[in-house]
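Scroll down for the structure; my scribbles are underneath it.
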Amino acid sequence: MADKSSSGELAFQDVRMRGFRDRAEVDDFVALLKSRLQPQPAEDVGLHEAAGRVLATDVLAPCDVPGFDRAAMDGYALRGEETFGAGAYNPLELEVVGVSLPAKPFPIPVQAGQAVRIMTGAPLPAGTDAVLPAESAEENEGKLRLMDPVSPGRHVGRQGEDIKKGTLVFQAERMLRPQDVGVLASLGVSPVRVVRRPVVSIIVTGDELLPGGAKPEGFRIVDSNSVMLEALVRRDDGLPKVHPIVPDRRDAVRDAMLEAESDVLLISGGSSVGQEDHAPRVLAEIGELCIHGVALRPASPAGVGFLGPADRARPVFLMPGNPVSCLCAYDLFAGPAIRRLGGRSIDMPYRSASLPLASKLVSAVGRMDYVRVRVSDGHVEPLATSGASNLSSTTRADGFLLVPRDSEGQAPGEIVRVYFYDNE
Ligand code: AMP
Ligand code: MG
11 MADKSSSGEL AFQDVRMRGF RDRAEVDDFV ALLKSRLQPQ PAEDVGLHEA
61 AGRVLATDVL APCDVPGFDR AAMDGYALRG EETFGAGAYN PLELEVVGVS
111 LPAKPFPIPV QAGQAVRIMT GAPLPAGTDA VLPAESAEEN EGKLRLMDPV
161 SPGRHVGRQG EDIKKGTLVF QAERMLRPQD VGVLASLGVS PVRVVRRPVV
211 SIIVTGDELL PGGAKPEGFR IVDSNSVMLE ALVRRDDGLP KVHPIVPDRR
261 DAVRDAMLEA ESDVLLISGG SSVGQEDHAP RVLAEIGELC IHGVALRPAS
311 PAGVGFLGPA DRARPVFLMP GNPVSCLCAY DLFAGPAIRR LGGRSIDMPY
361 RSASLPLASK LVSAVGRMDY VRVRVSDGHV EPLATSGASN LSSTTRADGF
411 LLVPRDSEGQ APGEIVRVYF YDNE
């Protein structure tokens, strides 16, 4: 952890080759994110791009929907009270004086003893108050024989019946569903004010790395983190921007951080205590390093700080290079931050369930554990893993669970909360 000296200057503890002395608690990390990060400013998008976006403002109905009284069935518009008493043995007769079609209303008021043929969605003519369904009448040479009565208001969609002008239709921070954008269309609301999606720079560091898409060769490995982080950022509705791989040189790490133009920076690798781990030092020099080292396995080298002027400081996440740790640091810290900036929920985006443990789970007191698990027959089996470098442990897993800091482990049969990587 970085600390502040008495002069208020950031006194950076160089942990390289010494290890972490103090580790931040996971809860403190999350609390810091909540206090420092707010949803981004709004932008306008067209209706066609609005589904899935988060509303930035309340939406009040600017008009009634529908904007006029209309037929809810095909039939005849008439005065309901004139039909009282109509029946199979007492057919009544009205004169059909015209037709009302959608967007082509019958133009003059209807008088007593008259009816207008009308189609669903067509404006109800002045002077009428009900629609008699077509099957309840017979029309012959301009005469309508009614076999059923219809009460005033029947089969009429009233003006404002769907949405009344001035009502609160959606509150800010709602994630727009497909039917929501349909409603916005019906209200004539376009463009739509939504929260701007955060642009997320993904910077991976490491002399050993080859870009995603290359074949591993010799002592060089292929960068899996940027490929994985890009997909995670997309899932959380951020706009990923993947930078070229940065070598393990302090100036290169520094330049990459300074040049990244984005709302959030994820810097993977070089965040631990090795001699080539420059990211925390560089961040402390050019910005503010708030947390470095977390009581969390397997992401203990994770950290966070801020870069840029105080009013527009961008969060910078130190992501461990080990791919499992990187995923864990994303799930617990970077993901919630990106979602919060985008106006979304900070909660885990994973489906979860409370299920019994199939076997004993051992954990050390003093840190939270992110444990990959399989679920079969409704029981949770922790996967025996050999640490944070084997990413395939997360592909074999159905999900993960979090063992709280103060737990020594859990016994078979105890109920645990599992987060599933898949939503189905
Ligand atoms: P570091 O955090 O840079 O010390 O890296 C820790 C371990 O993760 C090392 O074995 C690295 O080779 C590996 N590693 C670092 N970055 C990546 C990456 N982008 N993709 C896959 N493995 C990585
Ligand atoms: Mg490295």
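Take the sequence shown: its letters are residues 11 to 434, numbered as in this note's numbering.
Using N, Cα and C, we set each Cβ at its ideal position, and we do this for glycine too.
Bear in mind that the values here come from a model prediction, so they are computed numbers and not experimental data.
Taking 7 angstroms as the limit between beta carbons, can you name the residues of its chain near residue 206, skipping five residues before and five after? 50, 51, 52 and 53
May I ask you to check if the CB of residue 62 is nearer than 7 angstroms to at least one heavy atom of the ligand AMP? no
Given the structure, does residue 387 come close to the ligand AMP, in the sense that its CB is under 7 angstroms from one of the ligand's heavy atoms? no
Among 270, 257 and 278, which one has its Cα closest to the Cα of residue 237? Comparing Cα positions, the closest option is 278.
So does residue 214 have its beta carbon nearer than 7 angstroms to some heavy atom of the ligand AMP? yes
Spell out a yes or no on whether the stretch 240-248 and the stretch 291-310 are touching, meaning 3 or more CB-CB pairs, one atom from each, closer than 8 angstroms. no
Start and end residues, beta strand (DSSP E) containing residue 327: 324-329
Report yes if the C-beta of residue 1 is less than 7 angstroms from at least one heavy atom of the ligand AMP; otherwise report no. Only positions 11 to 434 of the chain appear in the structure, and residue 1 is not among them; the question remains open.
Between the alpha carbons of residue 17 and residue 234, how many angstroms are there, rounded? Low confidence applies to residue 17: its pLDDT is 39, below 50, so where it sits in the model is not reliable enough to give any reading.
Where does residue 402 land, buried or exposed, given buried means 16+ other C-beta within 10 angstroms? Only exposed fits residue 402, as fewer than 16 other CB atoms lie within 10 angstroms of its CB.
Separation of residue 41 from residue 201, as counted between CA atoms: 35 angstroms
If you measure from the CB of residue 234, is any heavy atom of the ligand AMP nearer than 7 angstroms? Within the cutoff, so yes.
Could you give the DSSP three-state label for residue 235: helix, strand or coil? In this structure, residue 235 counts as helix in the three-state DSSP scheme.
State the beta-bridge partners of residue 380 as determined by DSSP. 412
DSSP beta-bridge partners for residue 251? 211
Sequence-distant residues of its chain with Cβ nearer than 8 angstroms to residue 390 (five each side left out): 365, 366, 367, 368, 383, 384, 411, 426 and 428
Alpha carbon to alpha carbon, what distance is there between residue 358 and residue 208? 18 angstroms
Cβ-Cβ distance between residue 289 and residue 312 below 8 angstroms: no
Contacting residues, own chain, Cβ-Cβ under 6 angstroms from residue 361 (five flanking each side not counted): A distance below 6 angstroms between beta-carbons, with the five flanking residues on each side excluded, links residue 361 to the following residues of its chain, in chain order: 430 and 433.
List the endpoints of the continuous alpha helix (DSSP H) containing residue 38. 36-46 is the span of the alpha helix (DSSP H), which, as asked, contains residue 38.
State the start and end residues of the unbroken alpha helix (DSSP H) segment that holds residue 31. No alpha helix (DSSP H) contains residue 31, which DSSP labels as neither H nor E.
For a test of the three-state rule: what should DSSP assign to residue 13, helix, strand or coil? Confidence in residue 13 is poor, its pLDDT being 44 and thus under 50, which makes the residue's placement unreliable; the coordinate value appears in the next sentence. The answer is strand: DSSP assigns residue 13 an E or B state.
Cα-Cα separation between residue 79 and residue 133, rounded to whole angstroms: 6 angstroms
With a threshold of 8 angstroms on Cβ separation, who are the neighbours of residue 266 within its own chain once the five nearest residues in sequence on each side are excluded? 213, 215, 253, 256 and 277
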